[in-house]
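Chains as they are written, first to last, in this note's numbering: chain L, 84 to 221; chain Y, 84 to 221. Just so you know, even glycine gets a beta-carbon here, dropped at the ideal spot from N, CA and C. Each remark here refers to the structure printed beneath this line.
Number of protein chains: 2
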Amino acid sequence: MTLPYVLEQQVGFVLRQVNQRHLALFGEMMIGELTPTQFSAIVKLREHGSCSQNRLGRLTAMDGATIKGVIDRLTRRGITETSPDPDDARLLMVSLTAAGRRLAEQAVPCAARITEATLAPLSTAERARLLALLDQLR
Amino acid sequence: MTLPYVLEQQVGFVLRQVNQRHLALFGEMMIGELTPTQFSAIVKLREHGSCSQNRLGRLTAMDGATIKGVIDRLTRRGITETSPDPDDARLLMVSLTAAGRRLAEQAVPCAARITEATLAPLSTAERARLLALLDQLR
DNA sequence: CCGCGATCATTAGCATACAAACGAAGTTCC
DNA sequence: GGAACTTCGTTTGTATGCTAATGATCGCGG
């Protein structure tokens, strides 16, 4: 006797839907037309000051091809800027512009509200439990 | 005094990474070059026999534009086939081909193993807890 | 039976994501 | 000092996934 396969109870399917809801909330609530990945890059640049493009990708869990597209779009909008590293000709250093730093200041509290909205159905204890469980699957 | 904003502890960021890991496992372990969304469509067609394209999208949590691309690719590979509904000229009915049904039989147990691999770090009780928590955020 | 709103499929545009392949540039080891 | 390996950035191709617009069709109310 085999357990039935119920798509709606599979972790991958549920994960995709939870992610969809979070993405929708992010799209509604975030300022400056920032996407979650663009916001991640900005946060890490704010912490690290300046960073090579690939290293920024590792900090934000994006591969080289993906982070390049993200930085290209942010740079086109004047939020980030790039320059070659004088000591290592392979590296493309990325940093926030002044406008990017101003945007980051406003975006971080906004992102905190988005996290709150995403987790709204859960109590404080449940939120901690969820994060701890997800962390093991990372 | 404000809590610091730690990107790595935000539910959206963790969710994206867990999803990445699941997608990687899916890519390694699934047969027939099926992606998670393609597999979802196949499972639902197997349950429902035949289904309009948009309704299939609702069953699998994909919007009209996305499900169309998925079905186009499956049809191009001979896994699904489409036909107009004789009673409602707006509908495009989608169903599995014989090859699609054979593939579905093998893919479902494979998907069960992928779910198992994704949840491997958790105990049975933890898995149930995680699913219950995620379900509330759907 | 006619208009109006709803549904359906399609298309275009944008933004992730990953794999694979490439050349350029470092690093290590003999 | 040179070969082998690694890292980095880039490009190409494929697959989601969303929004918005479009046109066809359906159902309902008057």
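Beta carbon proximity, residue i to chain L, threshold 8 Å
i	result
Y:T149	no
Y:Q121	no
Y:H131	no
Y:V177	no
Y:L214	yes
Y:Q92	yes
Y:L186	no
Y:V153	no
CB contact below 8 Å: residue i versus chain Y
i	result
L:N102	yes
L:E81	Outside the shown range of chain L (84 to 221) lies residue 81 of chain L, about which nothing can therefore be said.
L:E164	no
L:E209	yes
L:L97	The sequence shown places Val at residue 97 of chain L, not Leu. Answer yes: the Cβ-Cβ gap between L:V97 and chain Y drops below 8 Å somewhere.
L:L157	no
Residue i, DSSP secondary structure in three states
i	result
Y:P167	strand
L:M176	strand
Y:S133	strand
Y:V191	helix
Y:A148	helix
L:P119	helix
L:G161	coil
L:Q93	coil
L:I114	coil
Y:L220	coil
Y:L98	helix
L:T201	helix
L:L214	helix
L:L106	helix
L:L139	helix
Status (buried if at least 16 other CB within 10 Å, exposed otherwise) for residue i
i	result
L:S206	exposed
Y:A194	buried
Y:P119	buried
Y:I114	exposed
L:L202	buried
Y:V89	exposed
L:L86	exposed
L:A208	exposed
Y:A187	buried
Whole-number beta carbon distance between residue j and residue i, since they are thought to touch under 8 Å
i	j	result
Y:L179	Y:T163	6 Å
Y:V153	Y:Q121	6 Å
CB of residue i within 8 Å of CB of residue j, strictly
i	j	result
L:L98	Y:L220	no
L:L157	L:A124	yes
Y:G140	Y:G147	yes
L:R184	L:R138	no
L:L214	Y:Q92	yes
L:V101	L:Q136	no
Y:I197	Y:F109	yes
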